[in-house]
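S.K.:
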Amino acid sequence: MKLRRIADALSSPTFNSRSSTNGHDALDEKLTRLSQKQGVKATVVLDRASGAILRTTGQLSTLNAAAAALAGSGQGSAAAAPGGEGQALDGFAAKVWAWVNASGSLVEELDAEDELKLLRLRTKKQELVIVPDARYLMIVVHDTPPA
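Going letter by letter, the sequence shown gives residues 1 to 147 in this note's numbering.
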């Protein structure tokens, strides 16, 4: 299963920021490997505390559709880069960050001893796999495999 392989890769010690002596190198290596997997359109890493965009790889133009899938709109907050692509990326990041925080709050309200490990959003066109870490949110956007 493609989702299982992506989730396993994201939760491995190489991705986990707490277990790596050089977290940025491990993160770059993981992003490079993930972006080369079949069907992966883009990867985005957000700061867990602020939602700031730390790293991106892949076809960022696909994030317009991903942002629309999350909230019915491809528009976002102020642009990190000039042009529509920066606005789309910022909007996408803000929506994912808010969704992860809301989902984490729900899990905590249901069981204070539990924690959010993975979020998955599947649309007709693509799928988002989001893995929260103590310091990062790792987002993989990939093609929706046929059912």
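Where is the CB? At the ideal position from N, CA and C, for every residue including glycine. Note that the structure is a prediction, hence the values are computed from the model and not measured.
Spatial neighbours of L3 within its chain, please: C-beta separation below 8 Å, excluding the five flanking residues on both sides.
M.R.: Reliability fails at L3, whose pLDDT of 49 lies under 50, so the model's placement of it is uncertain and the value that follows must be treated cautiously. Within the same chain, L3 has close Cβ partners R120, E127 and V129.
S.K.: Taking the alpha-carbon of W97 as reference, which of P145, D28, G51 and D25 has the nearest alpha-carbon?
M.R.: Nearest C-alpha to W97: G51.
S.K.: Measuring straight from C-alpha to C-alpha, what distance separates A134 and V141?
M.R.: So the alpha carbons of these two residues sit roughly 21 Å apart.
S.K.: What first and last residue would you give for the beta strand (DSSP E) that runs through L137?
M.R.: Element bounds for L137: Y136 to D143.
S.K.: Taking its Cβ as the centre, do 16 or more other Cβ atoms sit within 10 Å of A93, making it buried, or is it exposed?
M.R.: Burial call: buried.
S.K.: With distance defined between alpha-carbon atoms, name the residue in P146, I139, P145 and T144 nearest to L34.
M.R.: When only C-alpha atoms are compared, the closest one is I139.
S.K.: Considering only C-alpha positions, which residue in the set L31, L46 and R48 is nearest to V40?
M.R.: Closest option to V40, Cα to Cα, is L31.
S.K.: So is T144 buried or exposed if we call it buried at 16+ other beta carbons inside 10 Å?
M.R.: Exposed, by the Cβ-count rule.
S.K.: With a 10 Å radius around its C-beta and 16 neighbouring C-beta atoms as the bar for buried, classify D25 as buried or exposed.
M.R.: Classification for D25: exposed.
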